[in-house]
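Notes follow the structure.
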Amino acid sequence: MASADPTGPKGGLYGSAFLDTSSLDPNVRATMMGYYWATQYGGTQATTVFTYAFATSDADFDIPGGYPEADYVDIASELSAVQKDAVRLAVAQLSAFTQLSFVESASATAANATLRFANYQDEGSESNFPPNAGSYAPSDSRLAGDTWLGLNGDTTGNYIGTDEYLTIIHEMGHAFGLKHGHDSDYNGGLSADRNGTEFSVMTYASYIGTDLSQGLSTAWRGSAPQGYMMYDIAALQAYYGANFSAVGTTAVYSWDAVTGQQYINGEAAPLTGVSETGKILQTIWTQGATATYDFSNFSEDQLADLRPGQWSTFSRAQLGDLNNAVPQGTLEYQAKGNVYNALLYEGDTRSAVSGLITGSGNDTLIGNDIDNLLIANAGDDHITTGAGNNRVSGGAGADTIVFGSGHNILFDALADLNGDAVFGFSALGRVDMLGSRLTAATYSLTHDAATATFASGGSAFQLFGDFSGGDFMTVARGSGAEAITYLSFGTFLPTLSEGAAVDASLINGIANQPYLSGDGGVSFTLEFTSAQSGYRNMLGTYNISVDGSISDVRILFGDTSVEAGGTTLSLGQPGNGDSVGFFLIQDGFNRYGSLPDDISFLFEAGSTTPVLHSQQLALYGATVFHSTAAYNADGLDHVLSGISSDASSLVIGFEDVARGTADDDFQDVVFTLHAHDGFLLV
Numbered sequence: 001m002a003s004a005d006p007t008g009p010k011g012g013l014y015g016s017a018f019l020d021t022s023s024l025d026p027n028v029r030a031t032m033m034g035y036y037w038a039t040q041y042g043g044t045q046a047t048t049v050f051t052y053a054f055a056t057s058d059a060d061f062d063i064p065g066g067y068p069e070a071d072y073v074d075i076a077s078e079l080s081a082v083q084k085d086a087v088r089l090a091v092a093q094l095s096a097f098t099q100l101s102f103v104e105s106a107s108a109t110a111a112n113a114t115l116r117f118a119n120y121q122d123e124g125s126e127s128n129f130p131p132n133a134g135s136y137a138p139s140d141s142r143l144a145g146d147t148w149l150g151l152n153g154d155t156t157g158n159y160i161g162t163d164e165y166l167t168i169i170h171e172m173g174h175a176f177g178l179k180h181g182h183d184s185d186y187n188g189g190l191s192a193d194r195n196g197t198e199f200s201v202m203t204y205a206s207y208i209g210t211d212l213s214q215g216l217s218t219a220w221r222g223s224a225p226q227g228y229m230m231y232d233i234a235a236l237q238a239y240y241g242a243n244f245s246a247v248g249t250t251a252v253y254s255w256d257a258v259t260g261q262q263y264i265n266g267e268a269a270p271l272t273g274v275s276e277t278g279k280i281l282q283t284i285w286t287q288g289a290t291a292t293y294d295f296s297n298f299s300e301d302q303l304a305d306l307r308p309g310q311w312s313t314f315s316r317a318q319l320g321d322l323n324n325a326v327p328q329g330t331l332e333y334q335a336k337g338n339v340y341n342a343l344l345y346e347g348d349t350r351s352a353v354s355g356l357i358t359g360s361g362n363d364t365l366i367g368n369d370i371d372n373l374l375i376a377n378a379g380d381d382h383i384t385t386g387a388g389n390n391r392v393s394g395g396a397g398a399d400t401i402v403f404g405s406g407h408n409i410l411f412d413a414l415a416d417l418n419g420d421a422v423f424g425f426s427a428l429g430r431v432d433m434l435g436s437r438l439t440a441a442t443y444s445l446t447h448d449a450a451t452a453t454f455a456s457g458g459s460a461f462q463l464f465g466d467f468s469g470g471d472f473m474t475v476a477r478g479s480g481a482e483a484i485t486y487l488s489f490g491t492f493l494p495t496l497s498e499g500a501a502v503d504a505s506l507i508n509g510i511a512n513q514p515y516l517s518g519d520g521g522v523s524f525t526l527e528f529t530s531a532q533s534g535y536r537n538m539l540g541t542y543n544i545s546v547d548g549s550i551s552d553v554r555i556l557f558g559d560t561s562v563e564a565g566g567t568t569l570s571l572g573q574p575g576n577g578d579s580v581g582f583f584l585i586q587d588g589f590n591r592y593g594s595l596p597d598d599i600s601f602l603f604e605a606g607s608t609t610p611v612l613h614s615q616q617l618a619l620y621g622a623t624v625f626h627s628t629a630a631y632n633a634d635g636l637d638h639v640l641s642g643i644s645s646d647a648s649s650l651v652i653g654f655e656d657v658a659r660g661t662a663d664d665d666f667q668d669v670v671f672t673l674h675a676h677d678g679f680l681l682v
């Protein structure tokens, strides 16, 4: 064959070098040969549209100067209907995780189709890389993208999870710019603990530890990957971008315990099927949907891990058997998991799975670093949260929960909390006892600086953490089935003084949000403590409804600079589900003197910052800070809080200057909030 010419077009596309892989995971780099398809020769704009076709005659390969691999054409034949269906499924699966779309062309000439498929009379199969003159694998543009399927690519019947379907997606991987993952000659090879098809379909090793010097290995029929796996997905996304078309939607993934069929929101998932043996071996790309794994229909002990690049094992009978040279079910040759999580694309967490529901076994749940909902159901479970703000339910059984660095809430009926142990509990943690409105006479709580034990009605659980510099508080709200008792640890308010910045780690906003909530029976009073500021600030209050709207806005103190400490005002009784909030108008007295009774806060379209409004007075220039950080223009906390010395009330301090330019002393206005009839002392 004459020397390769990589400069010409193939189906209107050209080869181009991928310039920099240094920032990629080494195992992703290990699957990349460094060239991809672009809209112009040597261009930096990857294509978004591929044409593909199925060759039907030798004439499809007629080109000036002759086809470089004429001997292939001599033994070529058209793909079967089943093979064509397999190719169509493969390109659709690829489109689901990249920005690529595919158009099937009726003409299979080089001018009309970038990717072409044909059978040829050989045991193996092969495909040609994108056009390039690189040292690793140069490719002529006249044959680049052409895939020749031999006997190992001859799909028949149900091809999901077969070696034949694996062959098709493997060879197509080459056509898009992927190399053999086991080949360390260029960009390194897959690490020893990842060199298996459960991580990349581009390796010859069907199982971890394959001795490739003795030849490739093969999985049992039905046990091979059912699509591209995590390192393939990440590599193809590096070339062609990632698909986030499902952002704003919700997707609950589940699997059939017999057939292995994947479902999304109760419907058979598109681009999936079932293998002959009911095996499950897949990598999930969520397309940015708010996604949950629901494994609740599986009763065995599960390992369920939401971290990108990890996997979940929830049905051992449906694990892939990755070595057909040993009996099926041989543990050391089975896949590590049923379902694998895709890697993040350029650190974008939108593809991460946020929810997890396991079954009745003794399960291990591991969260990731976005906000998670982790539900373990029955069993003695072990749950570890990540760095996000998480909600956790262990269900019945003696559960071990390890809280991460975010805000974490454990919620369960009191009976289901019996025997639970929570580690890493701090002022950012909370236990919600559902269906119980407890009084001081109906529970006990004992603690030292590192351990706390809560007991009530024959149930008890333990908390472990640093409990110095604060105390525990319970808050009870609601009645009947809606009753709930909240348990949290709160730090005391730090010492505040004029001009002395509070340590950033102590700026906690409203640390005990349930304390501010109402149920139609709880009433509140505010006790003014002090004000030290160069401004003559106004302090006000309002009710916040469940939907975030603000009502009943009123000024409590028109000039905090002259108010006497100890003044106490009634705030009334918020309705069920409402909560009380506070606002400060910077230098409000000097600016307005007094405000009319009709003031309100309005939300302008697209904004989360409420604007102070009055029919009688123009107020649009007012600088207002709120106790709810989301309402502040900078989105930052302008209050800090701590529990009172007797652990009965919440003490709140305001900062009256925009953060970043403020002295952050948080003593510009300080007051104590008391709840009556609805809070309970420890």
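In the UniProt record's numbering, the protein residues as written are 1 to 682.
Idealized CB from N, CA, C, for every residue including glycine.
Source: prediction; values computed, not measured.
Check                                                                                                                                                                        : Outcome
Whole angstroms are fine: how far does the CA of T114 sit from the CA of V402?                                                                                               : 52 Å
For D305, which of helix, strand or coil comes out of DSSP?                                                                                                                  : strand
Residue 697 lies in the beta strand (DSSP E); which residues open and close that run?                                                                                        : Since the first residue of the chain shown is 1 and the last is 682, residue 697 is not available in this structure.
Taking all protein chains shown into account, do 16 or more other C-beta atoms lie within 10 angstroms of the C-beta of G188, making it buried, or fewer, making it exposed? : exposed
Tell me whether E655 is buried or exposed, calling it buried when 16 or more other Cβ atoms sit within 10 Å of its Cβ.                                                       : buried
With respect to the beta strand (DSSP E) encompassing G429, which residues constitute its N-terminal and C-terminal limits?                                                  : G429 to L434
Comparing C-alpha positions only, which one of N377, V553, N632 and G173 sits nearest to E126?                                                                               : G173
Return no unless some Cβ of chain B is closer than 8 Å to the Cβ of V651.                                                                                                    : The chain labelled as chain B is not found in the depicted structure, where only one protein chain is given.
Count the other CB atoms within 10 Å of the CB of A325; is the residue buried (16 or more) or exposed (fewer)?                                                               : exposed
Which residues share a DSSP beta bridge with H174?                                                                                                                           : Answer is none; H174 lacks a bridge partner.
Quick check on the DSSP output: the beta strand (DSSP E) that includes P26 runs from which residue to which?                                                                 : Note, P26: premise wrong, no beta strand (DSSP E); alpha helix (DSSP H) at P26 to R29.
Between the alpha carbons of G678 and T529, how many angstroms are there, rounded?                                                                                           : Residue placement at G678 cannot be trusted, given a pLDDT of 45 that sits under 50; what the coordinates show is reported in the next sentence. If you take the alpha carbons of G678 and T529, they lie about 23 Å apart.
Go ahead and pull the three-state DSSP assignment for D416.                                                                                                                  : helix
Does the structure place the segment 121-135 close enough to the segment 250-262 that three or more beta carbon pairs sit under 8 Å?                                         : no
Give the single residue among D381, T609, G379 and G388 whose Cα lies nearest to the Cα of D371.                                                                             : G388
Using only the heavy atoms of the ligand ZN, determine whether one of them is closer than 7 Å to the beta carbon of T451.                                                    : Judged by which ligands are present, the structure shown has none, so any question about the ligand ZN falls away.
So P6 and G15 are supposed to be a Cβ contact under 8 Å. How far apart are they, rounded?                                                                                    : 5 Å
Would you mind working out which of V392, L100 and L322 sits nearest A224, comparing C-alpha positions?                                                                      : L322
For V502, which option in S105, G209, Q667 and F298 has the closest C-alpha, if you only look at C-alpha atoms?                                                              : Q667
Please say whether F461 and A450 have beta carbons closer to each other than 8 Å?                                                                                            : no
Output the distance between the C-alpha atoms of F50 and F102, rounded to the nearest integer angstrom.                                                                      : 5 Å
Is the CB-CB distance between A476 and L417 below 8 Å?                                                                                                                       : no
On the DSSP letters alone, give me the boundaries of the alpha helix (DSSP H) that Y592 sits inside.                                                                         : G588 to Y592
How long is the line joining the alpha carbons of R221 and T162, rounded to whole angstroms?                                                                                 : 5 Å
Note the first and the last residue of the continuous alpha helix (DSSP H) segment covering M230.                                                                            : M230 to Y240
Please state whether DSSP places L212 in a helix, a strand or coil.                                                                                                          : helix
When we look at the beta-carbon of I383 and count the other beta-carbons within 10 Å, is it buried (16 or more) or exposed?                                                  : buried
I need the DSSP call for T560, collapsed to helix, strand or coil.                                                                                                           : helix
What ranges does the alpha helix (DSSP H) occupy inside the segment 116-144, keeping only unbroken runs of at least 4 residues that lie completely in it?                    : none
With burial defined as no fewer than 16 other Cβ atoms inside 10 Å of the residue's Cβ, what is the status of I643: buried or exposed?                                       : buried
Assign L680 to one of three DSSP states: helix, strand, or coil.                                                                                                             : Residue placement at L680 cannot be trusted, given a pLDDT of 42 that sits under 50; what the coordinates show is reported in the next sentence. DSSP places L680 in strand when its eight states are reduced to three.
Kindly indicate which three-state DSSP category T672 falls into: helix, strand or coil?                                                                                      : strand
Looking at the unbroken beta strand (DSSP E) that takes in D294, where does it start and where does it end?                                                                  : T290 to D294
Nearest to S497 by alpha carbon, out of D664, M33, N512 and T541?                                                                                                            : D664
Per DSSP, V392 forms a beta bridge with which residues?                                                                                                                      : L374 and L410
Assuming G540 contacts L516 (C-beta within less than 8 Å), just tell me the rounded distance between them.                                                                   : About 15 Å separates the two Cβ atoms, so there is no contact after all.
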